[in-house]
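Participant: The numbers in the sequence shown follow the numbering used here, run straight up by one, and end at 372. Even glycine gets a Cβ: it sits at the ideal position worked out from N, Cα and C. Encoded as structure tokens, here's the structure I'll be asking about.
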Amino acid sequence: MLLHPFKAFLPVTDRIPAPETFFADCKEVFPALFEQGYFQPLDEEALFFYEIVRPGRTFRGLIASVDISEYREGRIKKHEQTIHAKEDLQKSLFLEQQAMIKPVLCTYPVSRPVQTWMDAFSGSQPPAREFYFPSEQTTHRIYSISGEKTIRKIQALFHDNVPEVFIADGHHRCSAAAALHEERPEKPFSRLLCAFFDAADLEIHNFNRVITHLNGLAGERFLEEVRTYCSVNPCQEGQRPEGKHEFLLLLPSGEYILRWKPELLEGLPENGVLLDVELLNTYLLGPILHIANVRNDPNILYIEGPGGVAALKKTMEKHEGKAAFCLYPVPSDDFFALVRAGAVMPPKSTWFEPRVKTGLIVAPWTTV
């Protein structure tokens, strides 16, 4: 993977008294903010060290420009199918904003040489920008890395040790940029803005589900149907699944730990990975609840895993949910194995953290 420096625009700190509001609104009003001078260009091209600090944990990554060919030729690997309507919307946003205002989040297996360099760089200079987000208790810091010798060293490290990366967040940004480059080869859509976090600096969380109907089944009748495919054991309130092929079912009448019956786990697919979300779609949502299109069915609400069981219960109350499923997160080894094999994961299989803030670093298409 060849990283390229680029000339970035960074937010003007003194003009942003409330970072949470500013960055939350940035996607919708970026052209006006840019025109009004809320972003300042740096003097030279650079790579960027990105640090996110929250209580008890620090995440470190690199932000760089990469050629669109890395995506087209499969070195930036995807694991989700894109939706045409969302891709078209992203293309419109790119044309309206004339910039990438949020990097594509990419991950890769841990590379000791890259980690060693990050250890040495961390704390070696003051950040170019630093913003605190009180509701999340997180601090985001961006450090500019310039100087031809240093940049070449980082480029060599990545080129020699990170031959491929995996999209964690940003499938539609990638596909939209590739489509624009194909449609308008004379225009500057040949690069992607990417943030690279290795597997040790990225968390894979579960994506949970709230179901708003049970296909006419009462709670106990629904449990009887579920027992066709799973063992069902009542559990303590708030308990979470502890491993693969175990998941939590919430009903208004109680909470249950479910485990797939052994015969359903026989005969692994060619890639050697059997996802719980795939089993859920195949055996419970489809035949029992008659939910065929899990991507668009209005009776499924998807809840990010970090919110835990409390977020599921809150959503059930708000939307009169009839059931909820709390899944175990996809292990990183399974994730990498699936993507390397070219497998497409079901919608909403994973939720990655940390999340890169929109507008924290901006690359106009003319500079990326």
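Quick one, which of A341, P368 and W355 has its alpha-carbon nearest K81's?
Facilitator: Indexing the sequence shown from 1 puts residue 81 at position 77. The residue among A341, P368 and W355 with its C-alpha nearest the C-alpha of K81 is A341.
Participant: Is F193 helix, strand or coil by DSSP?
Facilitator: Counting from 1 along the sequence shown, the entry for residue 193 is found at position 189. Looking at F193 - three-state DSSP - the assignment turns out to be coil, as it is neither helix nor strand.
Participant: With DSSP as the reference, label G177 as helix, strand or coil.
Facilitator: Reading the sequence shown from its first residue, position 173 is the one you call residue 177. Here residue 177 turns out to be Arg, not Gly, going by the sequence shown. Three-state result, R177: helix.
Participant: Using the DSSP secondary-structure output, state which residues sit across from E55 in a beta bridge.
Facilitator: For this step, residue 55 is matched to residue 51 along the sequence shown. Beta-bridge pairing links E55 to R64 and R145.
Participant: For the stretch 8–21 against the stretch 170–183, do three or more pairs of beta-carbon atoms, one drawn from each stretch, fall closer than 8 Å, so that the two count as touching?
Facilitator: no
Participant: Please name the residue, chosen from F162, V166, Y233 and T86, that lies closest to H175 on a Cα-to-Cα basis.
Facilitator: On the sequence shown, residue 175 is found 171 positions in, with the first residue counted as 1. It is T86.
Participant: From the DSSP output, read off the bridge partner residues of M1.
Facilitator: Missing from the structure shown is residue 1; the chain here goes from 5 to 372 and no further.
Participant: Going by Cα to Cα distance, which pick from K248, E308 and G271 is closest to S336?
Facilitator: Locating residue 336 in the sequence shown gives position 332, counting from the first residue. The candidate whose alpha carbon is nearest that of S336 is K248.
Participant: Just to confirm my understanding: we take K265, look at its own chain, exclude 5 residues before and 5 after, and list those with CB closer than 8 Å. What are they?
Facilitator: Working through the sequence shown from its first residue, we reach residue 265 at position 261. Result list for K265: Y233, C234 and S235, in chain order.
Participant: What span of residues does the beta strand (DSSP E) with C234 cover, start to end?
Facilitator: Counted from its first residue, the sequence shown places residue 234 at position 230. C234 -> beta strand (DSSP E) spans C234 to P238.
Participant: Rounded to whole angstroms, what is the Cα-Cα separation between F53 and E24?
Facilitator: Start at 1 with the first residue of the sequence shown, and residue 53 comes out as number 49. Start at 1 with the first residue of the sequence shown, and residue 24 comes out as number 20. Between F53 and E24, the C-alpha separation is close to 21 Å.
Participant: Leaving out five residues on either side along the sequence, give the residues of the same chain with a beta carbon under 8 Å from the beta carbon of P138.
Facilitator: Here residue 138 is taken as the residue at index 134 of the sequence shown, counted from 1. Contacts found: E24.
Participant: What span of residues does the alpha helix (DSSP H) with L279 cover, start to end?
Facilitator: Taking the first residue of the sequence shown as position 1, residue 279 is located at position 275. Here L279 belongs to no alpha helix (DSSP H), and DSSP marks it neither H nor E.
Participant: Note down the Cα distance separating E84 from A22, rounded to an integer number of angstroms.
Facilitator: Walking along the sequence shown from the start, residue 84 turns up at place 80. Walking along the sequence shown from the start, residue 22 turns up at place 18. Looking at the backbone, the Cα of E84 and that of A22 are separated by about 34 Å.
Participant: Using the rule of at least 16 other Cβ atoms within 10 Å of the residue's Cβ for burial, across every protein chain shown, is R344 buried or exposed?
Facilitator: Reading the sequence shown from its first residue, position 340 is the one you call residue 344. With fewer than 16 other CB atoms across the displayed protein chains lying within 10 angstroms of its CB, R344 is exposed.
Participant: Assuming A50 contacts I149 under a Cβ cut-off of 8 Å, what Cβ separation, rounded to an integer in Å, is found between them?
Facilitator: In the sequence shown, counting from the first residue as 1, residue 50 sits at position 46. In the sequence shown, counting from the first residue as 1, residue 149 sits at position 145. Between I149 and A50 the Cβ distance is about 6 Å, and since that is below 8 Å, they are a contact.
Participant: Which complete beta strand (DSSP E) runs does the stretch 108–157 hold, if anything under 3 residues is left out?
Facilitator: 108–112, 133–137 and 142–149
Participant: For T154 and P273, what's the separation of their Cα atoms in angstroms?
Facilitator: The count along the sequence shown starts at 1 and reaches residue 154 at position 150. The count along the sequence shown starts at 1 and reaches residue 273 at position 269. Roughly 45 Å separates the two Cα atoms.
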